[in-house]
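Take a look at the structure set out below.
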Amino acid sequence: MRTLDGTNLTALAEHLAQQLVREAREPLHRQLYRQLRSAVRQGWLAPGSPLPASRSLAQELGLGRNTVLHAYEQLCAEGYCQGRPGAGTFVSLASPDQGPAPAADVPPTGAERGLARRAEALLEQITLRPEHPAAAFQPGLPDLAAFPWSLWWRLLHAQQKASTPAELGYRSDGGHPALRQALADYLRLSRGVNCTAEQILISGGMQQSLDLLARSLAEAGETAWIEEPGYSGAAQAFQAAGLACQPVPLDAGGLHWQGASLPRPRLIYVTPSHQYPLGCVMPLARRHALLAEAARQDAWIIEDDYDSEFRHTGQPLAALQGLDRQGRVLYLGTFSKVMFPALRLGYLVVPPALLAPLRSLQARLYRESDYPTQAALADFIRLGHFGSHLRRMRGVYARRQAKLRDVLHAELGDALQLMGGEAGMHMTARLPPGSDDRAISAALAKIGLCAPPLADYCLGTPPFPGLVLGYAGVAEDALLLNTVRLAAVLRGFGIGA
Ligand SMILES: Cc1ncc(COP(=O)(O)O)c(C=O)c1O
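In terms of full-length UniProt numbering, the sequence shown has 471 at position 471, counting the first letter as 1, and numbering is strictly consecutive.
Right under this line is the structure:
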């Protein structure tokens, strides 16, 4: 067994440095504590051996001294080490553990699991929800019961049966031409997107589009500006590609970079039509300013237009892409909300200069999505079913939102500030200052409700406590009961009591 001695500062620091993930959400003192504890448990730091002086270790690792002191204090508090006044900190002669600790208690480090540090940093941030797949209020989930399934299966089976061998082989044309044409027509008319069918690439969903752009448009180590709070899937795609994510605060008009001193971005990720998850709409003047900023900084803008099909009030603003005269905006859409998530189809509208390279990269990195499904979707749009499904669901979701508002108000008065109701499938409930949104979210999960805390959408400190409430997937007859149960939990935390 390799042993590390606290007196061999360089070797110990090297071992620790390999595992510290500075961009992880877990605080550094906690990571350091876990790694040292693991080294003691594995016997790498032998019983009785000294830990390095906190100041030297801090210096060697480029950390604050308090970070190291904090980790040492925790180790001493748990009996893994002992502090001797005037002499330093030493590994305890007797381990507090009886045999190996249960896996749940000691999360193995990345190195122990054999994972890359990049992956380990990502895993620190990922909260997979919900444990209960039918949990009410899950954000981002459409009403799957309201989808015209028999019509869809009929169109799909017809296309599957009619598929030619050429359509079932490998392809690299950016997606089914009929679907690209149908989309171009729809996006030009409904979203003010300036595009031809040629400029559209069909992807395996928005997450894949983000992954493609992160890998293709930025070097590892370059910076992506992301909204804070924002869509964690975007941050994760960027981090997986080795980019540094720079959270940018929001104001009532969305991304608010002006006046802040921020590292130069290569990518700027925004949800201007309906900011995710706070719901602000970026006004026209800010859109022009953002385009000018991207030009000044020589950055690409990634416009995520994930749910703008469901506008409930106010005048829809055309897509940012439609204002772009320089070919800097990549417009992304998904069929997960307007059809269903398991379809795994999305699209990118690509500036002409990037078309050929992105089409080739997409074909090489992911291959093309299922062709008969794309053809069936083109039929679904062309025959008018898409439009009528959208119109119907717009009405359904608007009614659900109104009901959620009414019941929350009746139950809790003005204790919650509901944000982002102009469009979409969710609202964010701003909680009174000092509320513990994580604890509330955990209490809701115990009764089968999924309302993630705003903290889950932030890389840094959340601007205020909040819960993200998806109403689209909660059937009308279950909405009243579930909202009353939600309110009861909030009252238990002293909100609206
Ligand atoms: C803002 C935002 N962008 C993108 C997506 C993901 O879309 P897809 O299912 O196509 O990966 C979501 C899903 O919830 C989302 O909320």
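Each residue gets a CB set at the ideal place from its N, CA and C atoms; glycine is no exception.
Report all residues from its chain with a CB closer than 7 Å to the CB of V68; omit the five preceding and five following residues, and keep chain order.
-> L32, S54, L57 and A58
Beta carbon of L431 nearer than 8 Å to that of P465 = yes
Can we say the segment 247-259 touches the segment 273-293, given the rule of at least three CB pairs closer than 8 Å?
-> yes
Considering T89, what are the terminal residues of the beta strand (DSSP E) in which it resides?
-> It spans G88 to V91 - the beta strand (DSSP E) in which T89 sits, taken as one unbroken run.
Does the count of Cβ pairs from the segment 192-199 and the segment 386-401 closer than 8 Å reach three?
-> No contact exists between the segment 192-199 and the segment 386-401.
Neighbourhood of ligand 1 [Cβ distance below 6 Å to any heavy atom], ordered by chain position = G140, G205, M206, Q207, Y231, G233, T271, Y276, D304, Y306, T334, S336, P341 and G346
Whole angstroms is fine: what's the gap from P102's alpha carbon to R113's?
-> Bear in mind that a pLDDT of 48 at P102, under 50, signals an unreliable position, so the number given afterwards is only what the model happens to contain. P102 and R113: Cα-Cα distance of roughly 15 Å.
From what residue to what residue does the alpha helix (DSSP H) around H15 run?
-> L9 to A17
Starting from the N-terminal side, write out each stretch of the beta strand (DSSP E) that is 3 residues or longer and does not extend beyond the UniProt domain "HTH gntR-type" (26-94).
-> The UniProt domain "HTH gntR-type" (26-94) contains these whole beta strand (DSSP E) runs: 81-84 and 88-91.
Nearest CA to the CA of G333: which residue from A39, L267, T223 and L320?
-> L320
Use the C-beta contact count for G205: other C-beta atoms within 10 angstroms, 16 or more gives buried, fewer gives exposed.
-> When all chains shown are included, G205 counts as buried.
Out of curiosity, what's the CA-to-CA distance linking D370 and S308?
-> One C-alpha to the other measures close to 25 Å.
Any idea if K161 is buried or exposed, counting beta-carbon neighbours within 10 angstroms, 16 or more meaning buried?
-> It counts as exposed.
Residue from G279, E368 and D477 with nearest C-alpha to S209 | For the residues G279, E368 and D477, the minimum Cα distance to S209 belongs to E368.
Alpha helix (DSSP H) runs wholly inside the segment 392-458, at least 4 long, in chain order = 437-446
Taking all protein chains shown into account, do 16 or more other C-beta atoms lie within 10 angstroms of the C-beta of H274, making it buried, or fewer, making it exposed?
-> With 16 or more Cβ atoms within 10 Å of its Cβ, H274 is classed as buried.
Same chain, Cβ closer than 8 Å to A104, neighbours up to 5 away in sequence not counted | At A104, the pLDDT of 47 sits below 50, so the modelled position is not reliable and the matter cannot be decided from this model.
Continuous beta strand (DSSP E) stretch holding S203: start and end | Unbroken beta strand (DSSP E) run through S203: I200 to S203.
Can the beta-carbon of L459 be found closer than 8 Å to that of A235?
-> For the pair L459 and A235, the CB atoms are nearer than the 8 Å cut-off.
Check whether the segment 405-416 touches the segment 479-496, taking contact to mean three or more Cβ pairs, one atom from each stretch, closer than 8 Å.
-> yes
In three-state terms, what does DSSP make of W300?
-> strand
Which residue from H288, G346 and D305 puts its Cα closest to that of L323?
-> H288
heavy atom of ligand 2 below 7 Å from L151 C-beta = Inclusion of ligand 2 in the displayed structure is not the case, the ligand content consisting of ligand 1 alone.
So, using beta-carbon positions, are S203 and Y331 closer together than 8 Å?
-> no
Starting from the C-beta of R118, find all residues in its chain whose C-beta is less than 8 Å away, skip the five residues before and the five after it, and write them out in chain order.
-> Q239, A240 and G242
Residues that L469 bridges to, as DSSP identifies them = M427.
On the three-state DSSP scale, how would you describe L267?
-> Correct three-state label for L267: strand.
Where K446 falls, given that 16 or more other Cβ within 10 Å makes a residue buried | Exposed, since its Cβ has fewer than 16 Cβ neighbours within 10 Å.
Classification of I126 by the beta-carbon crowding that lies within 10 angstroms, buried from 16 upward = exposed
Assuming H312 contacts A423 (C-beta within less than 8 Å), just tell me the rounded distance between them.
-> 6 Å
First through last residue of the beta strand (DSSP E) which encompasses L305 = Contrary to the premise, residue 305 reads as Asp rather than Leu in this sequence. Annotation for D305: no beta strand (DSSP E) segment contains it, and DSSP assigns it neither H nor E.
Proximity winner among L454, A353, G421 and G420, relative to S435 (alpha-carbon distances) | L454
With DSSP as the reference, label D143 as helix, strand or coil.
-> coil
Nonlocal neighbours in the same chain, by C-beta distance under 7 Å from L278, ignoring five residues either side = P229, L250, M419, G420 and T428
Cα-Cα separation between L354 and R215, rounded to whole angstroms | 13 Å
Quickly, what does DSSP pair I226 with across the bridge? List them, please.
-> Looking at the DSSP output, I226 sits in a beta bridge with P247.
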